[in-house]
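Input: a single structure, listed below in structure tokens.
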Amino acid sequence: ILDNNGKLYSMDMKHNIEELMDNVIFASISSSYGINYVLDSFAAITKDHELYMWGSNKFGQLGTGEREQKYEIQEEPVKIMDNVRYVSQSGGVTAAITTDDELYTWGLNAYGQLGYDSDLFIKGVYDDSGNLKEFVECSEDDDAEHGLIYPINPTPRKVIDNVQSCKIKRQNAAALTNN
């Protein structure tokens, strides 16, 4: 919940509300589900154009640069970038436009939606019942149970200049330039 005074609130399953941040001008929620995992992530841009993110970092979508993908949820907002005016996120992918109209992307790159090739790959490790236990770093050519190897980029990377707007939706990404 973002109020008119720039205060961002969170609500738990019991409808308890607590203030999370202040000086927020834009907030975004991405909620996606896959087999055996949840990709909920959250973003907020402050009045100073700082981008903060928290939630699931399963595919590097928070942009923290962590190469080891964990099941733990980032519960507190962590600063990712300065000079951000817009953020879009969906299905483990995040895109941000800076105040200088530069587009940065990070997260899951299974369909090339980040706009560049990934140099980091992860695969699922499963228990004896076939349930996903964790993701581990691997090579692009590695054998993976269930044939799933995911290309990711856990760090924001500049893609293009002169961007007016962008939209991420599942495996699709689009950017509108000023030209």
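When you line the sequence shown up against this note's numbering, it's residues -1 to 177, in that order.
Virtual Cβ for every residue (Gly too), placed ideally from N, Cα, C.
Note that the structure is a prediction, hence the values are computed from the model and not measured.
Look at the beta carbons and you see the region 39 to 52 touching the region 81 to 96: at least three pairs across the two are nearer than 8 Å. Judged by DSSP in its simplified three-state form, Tyr84 adopts strand.
Residue burial is scored here from C-beta neighbours: Gln111 has at least 16 other C-beta atoms within 10 angstroms and is therefore classed as buried. In the displayed model, Ser54 falls within coil according to three-state DSSP, outside both helix and strand.
When DSSP states are grouped into helix, strand and coil, Thr175 belongs to the strand group. Among the bridge pairs identified by DSSP, Val157 is matched with none. Taken atom to atom, the span from the alpha-carbon of Leu130 to that of Asn177 is near 45 Å. In the structure shown, the three-state DSSP call for Lys45 is coil. A Cβ-Cβ separation of about 6 Å places Glu64 in contact with Pro152 under the 8 Å criterion.
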